[in-house]
Each structure stands twice: as C-alpha cells, then as structure tokens.
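See structure below.
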Amino acid sequence: FIRVLVEIGFLDDTAQETLAQNQPWKEATKTIVGASSSSAADLEKAILAKATFDSPEDQQRILGGLRWIGLFSDEQTIARGNPLDTLCATLEKKMQFEEGERDLVMLQHKFVIEHKSGERETRTSTLVEYGDPAGYSAMAKLVGVPCAVAVKQVLNGTLAEKGVLAPMTSKINNPLMKELKEKYGISMVEKT
Numbered sequence: 051f052i053r054v055l056v057e058i059g060f061l062d063d064t065a066q067e068t069l070a071q072n073q074p075w076k077e078a079t080k081t082i083v084g085a086s087s088s089s090a091a092d093l094e095k096a097i098l099a100k101a102t103f104d105s106p107e108d109q110q111r112i113l114g115g116l117r118w119i120g121l122f123s124d125e126q127t128i129a130r131g132n133p134l135d136t137l138c139a140t141l142e143k144k145m146q147f148e149e150g151e152r153d154l155v156m157l158q159h160k161f162v163i164e165h166k167s168g169e170r171e172t173r174t175s176t177l178v179e180y181g182d183p184a185g186y187s188a189m190a191k192l193v194g195v196p197c198a199v200a201v202k203q204v205l206n207g208t209l210a211e212k213g214v215l216a217p218m219t220s221k222i223n224n225p226l227m228k229e230l231k232e233k234y235g236i237s238m239v240e241k242t
C-alpha cells in the first residue's frame with residue numbers, strides 16, 4: 051500500500067500551489083496523479099498506469115483502501131500545501147480512536163537455524179502489546195518507554211559506554227530488557 055502511495059505521488063512533500071486550498075479529494079487526486087479528469091474511472095486509470103501491484107487481488111485491496119481514504123470522493127481535503135501533509139491531515143482525522151478503542155502492536159522475529167548436524171530449528175520471538183483506551187497507545191508505550199529506560203540507565207550509570215550505542219551486546223541489552231520486563235511488562239516471548 052505504501053509503495054503505491056509513493057508511486058502515485060501521495061508521499062511527496064514538495065509544495066504544490068493547488069493543494070494550498072481545500073477542495074474535493076477527487077480534484078486533488080486528479081492533480082497529484084495527473085489524471086485527465088476527476089471521474090473515478092479516470093483516477094483509477096491514472097493510478098493503474100503509475101503503480102505496480104503484486105497481484106490482481108493486491109490491486110483491488112489497494113484501490114479499495116484509496117477509496118476508503120476518500121481519494122475519489124467529493125469530501126473536502128484539509129489543505130496542507132503538499133500531497134503528503136494533505137493526505138496525513140485526512141488520515142489523522144479518519145483514524146482517530148473512538149471511545150474505548152485501542153491499538154495493537156505485534157512484532158515477531160523468526161529465526162531458522164541450521165545446526166552443524168544439518169538439523170533445522172525454527173525459533174520465534176514475539177511481542178504483543180495492547181494500548182490502554184484510557185491511557186497511552188501501545189505504539190507510544192513501545193517507542194517511549196524503552197527510550198526513557200535507556201536514558202535513565204545512562205544517567206544512573208547502568209549504561210556507562212560513550213557514543214552512539216546499538217543494543218547489540220548483553221552488557222547493553224540485559225539491563226534494558228530486565229527493567230522493561232519487570233517494571234513495564236514489555237518483553238518478547240520466545241518459542242522453539
């Protein structure tokens with residue numbers, strides 16, 4: 051989906067005078083994709099000429115997503131001067147949590163290990179985190195808390211190395227993962 055948005059010009063942050071004013075989305079889409087008119091058929095034709103799809107099913111799914119956003123509609127844009135920011139303003143409006151809704155973040159790493167004996171083993175490491183409808187989203191928690199814990203550990207001397215550090219050694223990882231799990235319930239579940 052994101053690749054198609056790039057290919058058709060919606061992730062471009064170059065200023066476009068025509069996007070400085072609110073207008074029907076179908077007119078903005080016509081300008082952005084270079085369609086001959088703002089009819090749904092011409093917009094789709096221009097998109098199909100610019101974008102690549104992995105399959106016919108993928109094409110239909112993505113076109114359905116573009117329709118859901120409202121890119122072929124009479125709905126007014128929230129003008130921000132360029133395609134990216136104008137699209138983001140609409141997405142922010144459409145994708146706000148409703149009362150009681152929450153987000154879900156799921157991360158899974160899958161490792162296929164081949165031992166010297168030739169035996170193969172698959173290990174997965176999975177994290178599932180739900181947001182709190184009355185508090186932080188899962189995304190905010192999983193971005194902010196690890197960063198805050200790392201800063202705290204630098205300040206209190208737990209992490210004493212200098213410079214830009216990647217969490218690739220047990221000296222860095224272990225104290226971070228221990229505190230994240232014990233104090234904040236953030237951890238990966240590993241299975242073989």
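When we follow the numbering used here, the leftmost residue of the sequence shown carries the number 51, and every step to the right adds one. In this text, a Cβ means the ideal position worked out from N, Cα and C, and glycines have one as well.
Cutoff 8 Å; reference residue i; Cβ partners in own chain excluding five residues on either side
i, result
"R170", "V162, I163 and E164"
"G115", "F51"
"P74", "S88, S123, D124, E125, Q126 and T127"
"L215", "L209 and I222"
"Q203", "L209, P225, L226 and E229"
Counted within 10 angstroms of its Cβ, other Cβ atoms place residue i as buried (16 or more) or exposed
i, result
"T79", "buried"
"K166", "exposed"
"F122", "buried"
"W118", "exposed"
"N72", "exposed"
"G213", "exposed"
"M168", "The question names Met, yet the displayed sequence has Gly at residue 168. G168 is exposed by the Cβ-count criterion."
"G120", "buried"
"G181", "buried"
"A99", "exposed"
"L93", "buried"
"L113", "buried"
Proximal residues to residue i (C-beta, below 7 Å), its chain only, five neighbours per side dropped
i, result
"Y234", "V195"
"A101", "V54, E57 and I58"
"V155", "E179, A188, M189 and L192"
Opposing strand residues paired with residue i [DSSP bridges]
i, result
"I163", "E171"
"E240", "S175"
"P74", "Q126"
"Q158", "T176"
Identity of the residue in the options nearest residue i by Cα
i, options, result
"M189", "A200, L157 and L205", "L157"
"T174", "V239, E94, I222 and K76", "V239"
"D105", "A85, T140, C138 and F51", "Before going on, a small fix: residue 105 reads as Ser here, not Asp. The shortest C-alpha separation from S105 is found at F51."
"K228", "V199, A210 and G207", "V199"
"L206", "W118, P225 and Q73", "This sequence places Asn at residue 206; Leu is not what is there. Checking every option, the nearest Cα to that of N206 belongs to P225."
"L177", "M218, A90, I236 and A91", "I236"
"H159", "R152, T172, C138 and L116", "T172"
"I128", "F103, T68 and G168", "T68"
"A90", "K76, A99 and V201", "K76"
"T136", "E107, S220 and D63", "D63"
"L230", "T242, V201 and A85", "V201"
Cβ neighbours of residue i in the same chain (closer than 6 Å, five flanking residues each side left out)
i, result
"E61", "What sits at residue 61 in the sequence shown is Leu, not Glu. L55 and L134, listed in sequence order."
"I97", "I58 and V83"
"G150", "P183"
"K143", "none"
"G131", "A65, L69 and A70"
"E211", "none"
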